[in-house]
Amino acid sequence: MARLTVNNQPVQFRMDPDTPLLWALREAANLTGTKYGCGVGDCGACTVIVDGEALRSCQLTLGEAEGRFVTTIEALAQDRGHPVQQAFLAEQAIQCGFCTPGMVMAAAALLAHNADPTEDDIKAALTNLCRCGVYPRLVRAVQRAGQAMRGSQAYGPAVAVAGGATAGDAPVAKAAAAAPDAQTSPDAQTSDAASDAGGAGASRN
Ligand code: FES
Ligand code: FES
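Per my numbering, residue 75 is the first one in the sequence shown, and the count goes up by one each step.
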C-alpha cells in the first residue's frame, strides 16, 4: 500500500509498490488524462507534477511516490483556465492532442518557477516528444502563458509545490483539461469524478 496525495486528495493505493505511478493513476484512480506513450521515460506523455517538479510518471513507482504530492492534468485548473491551457489553444499548439497533457504539465511546472523563460529555457524544460511537430507553436504558447502569468495576478500558478502546498489559490477542478476520455471506472470507489482515486486499487482516506 502506498499513501500519497493526488490532486489535493489523500489516497491509498492498494497495489504493488513497484507499480509505475502512471498505471496507478490511470487504472486505479481513473485519471486517464495522463497518457502512456513509450513507457521508458522518453516521450513525456505521462508527465505529472510531483512536489512541484514535472516528472515522468512511468518512471516513478508508487513506492517512490509515497508521501508525495501529485498533480495531474485533471486538477491543474478549473474549467481549463490555466494560462498554459489557454495559451495552447490560442497558439494552436495542439494537433492530435496525445502529447498535450504532458506538455501542459511540463510547461506549468516550468512557469511556476520561471514565468519569463527564454526559448532555450523552454526547450531545456520541455523535452517531451510530439509526433505532430508542434514545437514552434509550443515555444510561443509557453511564452504567451508566461506573459499572462506575469501580467495578471488572476493567473496565479496552480501547480503543486514542494511541501504539499498548492501555489496560488486556484481550487482543484474536476476533469479540468485535456482528459476527454476521463471516465469513472466501474472498479473505482469514487465520490468525486476526476480526482477520485478509489477503486480496486485505491481508496480515499
Ligand atoms: S510514457 Fe512515460 S515518458 Fe513516455
Ligand atoms: S499534438 Fe500530436 S503528438 Fe503532439
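The beta carbon of each residue, even a glycine, is placed where N, CA and C say it ideally should be.
A quick note: this is a predicted structure, and the numbers were derived from the prediction, not measured.
Identity of the residues DSSP links to ARG77 by a beta bridge: Position 3 of the sequence shown, counted from the start, is the residue given in the question as residue 77. GLN86, per the DSSP bridge assignment.
Residues bridged to THR121 (per DSSP): Counted from its first residue, the sequence shown places residue 121 at position 47. In the DSSP output, where bridge partners are listed per residue, THR121 has ARG130.
Residues near GLY111 in its chain [Cβ-Cβ closer than 6 Å; skip 5 each side]: Along the sequence shown, one-based indexing puts residue 111 at 37. Same-chain partners within the cutoff: CYS117 and ALA119.
Residue-level contact to chain D via CB, LEU184, 8 Å cutoff: Chain labels in this structure do not include chain D; a single protein chain is all it has.
Residue interval of the beta strand (DSSP E) (run including VAL208): Residue mapping note: residue 208 aligns to position 134 of the sequence shown, counting from 1. Here VAL208 belongs to no beta strand (DSSP E), and DSSP marks it neither H nor E.
DSSP state of THR174 mapped onto helix, strand, coil: Here residue 174 corresponds to residue number 100 of the sequence shown, with the count starting at 1. It is helical.
Residues near ALA189 by beta carbon distance below 6 Å, same chain, minus five either side: Walking along the sequence shown from the start, residue 189 turns up at place 115. The beta carbon of ALA189 sits closer than 6 Å to those of GLY220, MET223 and ARG224, all from its chain and outside the five residues before and after it, given in chain order.
Rounded separation between THR192 and VAL158 - CA only: Start at 1 with the first residue of the sequence shown, and residue 192 comes out as number 118. Start at 1 with the first residue of the sequence shown, and residue 158 comes out as number 84. VAL158 has its alpha-carbon roughly 16 Å from the corresponding atom of THR192.
Identity of the residue in SER131, ASP125, ASN82 and ALA103 nearest ASP92 by Cα: Residue 92 sits at position 18 when you count from the first residue of the sequence shown. Nearest of SER131, ASP125, ASN82 and ALA103 to ASP92, Cα basis: SER131.
C-beta atoms of LEU78 and VAL144 nearer than 8 Å: Taking the first residue of the sequence shown as position 1, residue 78 is located at position 4. Taking the first residue of the sequence shown as position 1, residue 144 is located at position 70. For LEU78 and VAL144, yes; Cβs fall inside 8 Å.
Exposure of ALA234, with buried meaning 16 or more beta-carbon neighbours within 10 Å: Position 160 of the sequence shown, counted from the start, is the residue given in the question as residue 234. Legend: pLDDT at ALA234 = 41, less than 50; position of this residue unreliable, value from coordinates given subsequently. Around the beta carbon of ALA234, 16 or more other beta carbons lie within 10 angstroms, which makes this residue buried.
Residues that DSSP places opposite PHE162 in a beta bridge: Within the sequence shown, residue 162 is the residue found at index 88, counting from 1. For PHE162, which the question treats as bridged, DSSP gives no partner whatsoever.
Close-in-space but distant-in-sequence residues of the same chain around ALA161 (CB under 6 Å, 5 per side omitted): Within the sequence shown, numbered from 1, the residue matching residue 161 stands at position 87. Here the set comprises ALA215, ARG218 and ALA219.
Beta carbon of ARG205 nearer than 8 Å to that of GLU165: Locating residue 205 in the sequence shown gives position 131, where the first residue counts as 1. Locating residue 165 in the sequence shown gives position 91, where the first residue counts as 1. Cβ atoms of ARG205 and GLU165: not closer than 8 Å.
Coil, strand or helix - VAL216 by DSSP: As a first step, residue 216 is located in the sequence shown; it is residue number 142 there, counting from the start. Here VAL216 carries a helix assignment [DSSP, helix/strand/coil].
Inter-residue spacing [alpha-carbon to alpha-carbon] between THR146 and VAL114: Position 72 of the sequence shown, counted from the first residue, corresponds to residue 146. Position 40 of the sequence shown, counted from the first residue, corresponds to residue 114. Rounded to the nearest angstrom, the two C-alpha atoms are 19 Å apart.
Straight-line gap, GLN291 to ALA139 (C-alpha atoms, nearest Å): This structure cannot settle anything about residue 291, because the visible part of the chain is limited to 75 through 279.
For PRO94: DSSP bridge partner residues: Position 20 of the sequence shown, counting from 1, holds the residue named residue 94. Beta bridge pairing from DSSP links PRO94 with THR135.
Short Cβ contact (8 Å threshold) for ASN81 with ALA149: Along the sequence shown, one-based indexing puts residue 81 at 7. Along the sequence shown, one-based indexing puts residue 149 at 75. Cβ atoms of ASN81 and ALA149: closer than 8 Å.
Limits of the unbroken alpha helix (DSSP H) element including ASP283: The shown model of the chain, from 75 to 279, leaves out residue 283, and the question about it has no answer.
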